[in-house]
Amino acid sequence: MTEKQALFEYLLRLGDSDMILAQRLCELVGHAPALEEEMAIGNVALDLLGQARSWLEYAAELEDAGRDADALAFLRNEREYRNLLIVEQANGNFADTMARQYLFDAWHYYLLQALKTSADDRIAAIAAKGLKEVTYHLRRSSAWIKRLGDGTDESHEKMQAAIDEIWTYSGEMMVADEADQLLQAAGIAADLEQVKQQWQAHVAATLAEATLTQPADDSYMQTGGKQGYHTEQLGFLLAEMQYLPRAYPGATW
Amino acid sequence: MVQQHDSKLIATDRLWPAGTRPSTDAIWRLLEEVPDPEVPVVNVVELGIVRDLNWRDDTLEVTITPTYSGCPATHFIEEEISAALNRAGLTNHRLVQRLAPAWTTDWITEAAREKLRAFGIAPPEGAASKRTLLGEDPEVTCPHCGSKHTEQVSEFGSTACKALYRCTECLEPFDYFKCI
Numbered sequence: 360m361t362e363k364q365a366l367f368e369y370l371l372r373l374g375d376s377d378m379i380l381a382q383r384l385c386e387l388v389g390h391a392p393a394l395e396e397e398m399a400i401g402n403v404a405l406d407l408l409g410q411a412r413s414w415l416e417y418a419a420e421l422e423d424a425g426r427d428a429d430a431l432a433f434l435r436n437e438r439e440y441r442n443l444l445i446v447e448q449a450n451g452n453f454a455d456t457m458a459r460q461y462l463f464d465a466w467h468y469y470l471l472q473a474l475k476t477s478a479d480d481r482i483a484a485i486a487a488k489g490l491k492e493v494t495y496h497l498r499r500s501s502a503w504i505k506r507l508g509d510g511t512d513e514s515h516e517k518m519q520a521a522i523d524e525i526w527t528y529s530g531e532m533m534v535a536d537e538a539d540q541l542l543q544a545a546g547i548a549a550d551l552e553q554v555k556q557q558w559q560a561h562v563a564a565t566l567a568e569a570t571l572t573q574p575a576d577d578s579y580m581q582t583g584g585k586q587g588y589h590t591e592q593l594g595f596l597l598a599e600m601q602y603l604p605r606a607y608p609g610a611t612w
Numbered sequence: 004m005v006q007q008h009d010s011k012l013i014a015t016d017r018l019w020p021a022g023t024r025p026s027t028d029a030i031w032r033l034l035e036e037v038p039d040p041e042v043p044v045v046n047v048v049e050l051g052i053v054r055d056l057n058w059r060d061d062t063l064e065v066t067i068t069p070t071y072s073g074c075p076a077t078h079f080i081e082e083e084i085s086a087a088l089n090r091a092g093l094t095n096h097r098l099v100q101r102l103a104p105a106w107t108t109d110w111i112t113e114a115a116r117e118k119l120r121a122f123g124i125a126p127p128e129g130a131a132s133k134r135t136l137l138g139e140d141p142e143v144t145c146p147h148c149g150s151k152h153t154e155q156v157s158e159f160g161s162t163a164c165k166a167l168y169r170c171t172e173c174l175e176p177f178d179y180f181k182c183i
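Chains as they are written, first to last, in this note's numbering: chain A, 360 to 612; chain B, 4 to 183.
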């Protein structure tokens with residue numbers, strides 16, 4: 360694997376994770392439990408979509424094969440998608456949505472913080488910009504973990520069940536493969552071992568304050584999303600997201 | 004990006020003959036007539052969206068920066084800037100997007116902050132560079148009655164750049180321009 364191939368993979372992973380989570384959150388527009396939450400969810404989705412565009416535009420330029428960011432978003436199939444498994448999981452109830460969001464936000468926050476000093480100037484610029492937005496995402500999602508965890512008996516029970524359910528998809532965020540290692544050695548990618556430690560500290564503190572029990576350290580972790588092996592959830596999501604540009608190629612309005 | 008586009012928002016009577024190279028000072032003043040599409044009381048210059056103006060031979064290079072990564076107004080703002088330049092006769096221009104340094108509310112001028120307040124939007128409190136965002140809630144002044152007794156309703160508001168607040172004294176809800 361050359362450095363250019365690794366970088367293309369890395370950019371797709373960043374862009375795809377942002378975009379798939381944005382698409383999931385958009386499903387809640389019109390269905391959120393309260394108007395304020397609907398606006399918040401829509402805003403978070405918008406930030407993530409904007410960041411996805413920045414990553415995918417860079418990926419497309421790097422690839423230089425006649426594909427633009429839209430082609431990458433709408434004309435790739437499941438196996439070509441490089442997003443983390445956690446972001447493609449269904450919204451479930453509000454506790455499920457916030458558990459997924461929080462575990463991702465905490466990782467995203469420390470990841471972008473590390474990428475701010477990437478040896479690749481463009482990655483550093485996109486990360487610095489995104490970090491300002493993700494700071495707000497993390498503030499909101501961690502507040503919901505505490506509010507629901509340390510709320511009523513019912514909200515506590517649902518929040519605990521949500522954390523237990525999504526936990527198996529959290530480990531993949533911290534697993535480095537060949538592309539990660541190659542770019543980390545070049546000072547371009549984040550050190551996932553460091554991100555893991557920061558993430559674990561944040562999650563441990565938040566769950567403790569929320570009176571929630573953290574699942575066991577040796578829990579079985581699902582992996583594969585970064586390499587294109589996805590859960591069955593992704594196909595349905597892509598079918599909806601990609602329908603229009605595939606049914607009407609080149610459509611504009 | 005050079006395009007012909009009829010703006011609905013701006014009217015300017017400035018017109019430079021083809022081939023002239025007006026000073027960048029004059030062009031800054033022209034762009035001060037381009038309002039932000041979401042908050043039309045402030046313009047794109049005082050919001051800090053236009054970062055730089057440079058003549059590269061006969062082409063004017065306009066450097067702009069997006070406020071938020073996903074701000075849907077970014078493209079519209081680019082079109083408005085382009086339209087204003089075309090209408091003033093500066094058809095030979097190019098818009099360049101710059102991400103770093105990332106846009107910050109610290110770049111919003113004092114005059115623009117006052118205009119926001121008069122419009123009913125609380126301007127950002129404090130400086131983004133001097134405070135950590137995590138875990139700290141700013142003291143936001145109600146733009147309607149000036150009371151400091153306000154509370155946050157939601158971290159996110161009607162646009163990406165705003166949060167939703169409520170005044171516990173005059174009871175009016177209002178938007179707060181988030182400090183980033």
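Every residue, glycine too, gets a C-beta built ideally from N, C-alpha and C.
Sheet register partners of residue i (DSSP bridge)
i, result
"H152(B)", "None, per the DSSP bridge assignment."
"H96(B)", "L63(B)"
"L56(B)", "V65(B)"
"P176(B)", "R169(B)"
"N46(B)", "P38(B)"
"A125(B)", "Y179(B)"
"S413(A)", "In DSSP, S413(A) forms no bridge with anything."
"S157(B)", "L167(B)"
Any C-beta of chain B under 9 Å from that of residue i
i, result
"N402(A)", "yes"
"L462(A)", "no"
"R412(A)", "yes"
"A483(A)", "yes"
"E395(A)", "yes"
"K650(A)", "Past the boundaries of the shown model lies residue 650(A); chain A is included only from 360 to 612, so the question cannot be answered."
"A487(A)", "yes"
"R441(A)", "no"
"A399(A)", "yes"
"R498(A)", "yes"
"G409(A)", "yes"
Exposed unless 16 or more other CB atoms sit within 10 angstroms - verdict on residue i
i, result
"P608(A)", "exposed"
"L384(A)", "buried"
"R438(A)", "exposed"
"K363(A)", "exposed"
"D423(A)", "exposed"
"S578(A)", "exposed"
"E492(A)", "buried"
"S26(B)", "exposed"
"Q100(B)", "exposed"
"A114(B)", "exposed"
"R120(B)", "buried"
Beta carbon proximity, residue i to chain A, threshold 9 Å
i, result
"V143(B)", "no"
"E158(B)", "yes"
"P127(B)", "no"
"W31(B)", "no"
"T66(B)", "no"
"W110(B)", "no"
"K151(B)", "no"
"C170(B)", "no"
"G73(B)", "yes"
"P69(B)", "yes"
"K118(B)", "no"
"P104(B)", "yes"
"A163(B)", "yes"
"A131(B)", "yes"
"I183(B)", "yes"
"T27(B)", "no"
"Y179(B)", "no"
"L167(B)", "yes"
6 Å CB neighbourhood of residue i in its chain, flanking five on each side removed
i, result
"Q519(A)", "L571"
"T565(A)", "S501, I504"
Nonlocal neighbours in the same chain, by C-beta distance under 8 Å from residue i, ignoring five residues either side
i, result
"S150(B)", "T144, C170, T171, E172, C173"
"N95(B)", "V5, D61, T62, L63"
"E537(A)", "M360, A365"
"L596(A)", "I379, Q382, R383, E447"
7 Å CB neighbourhood of residue i in its chain, flanking five on each side removed
i, result
"P392(A)", "F453"
"V554(A)", "W466, Y469, L470, A473, M533"
"C148(B)", "C170, E172, C173"
"A487(A)", "K475"
"R412(A)", "A428"
"A548(A)", "Y369, D539, L542"
"E386(A)", "N450"
"D523(A)", "P574"
Any non-hydrogen atom of the ligand ZN closer than 8 Å to residue i Cβ
i, result
"R24(B)", "Inclusion of the ligand ZN in the displayed structure is not the case, the ligand content being empty and no account of it being possible."
Complete runs of the beta strand (DSSP E) confined to the region 561 to 611 of chain A [at least 3 residues]: Complete beta strand (DSSP E) runs here, min 3: none at all.
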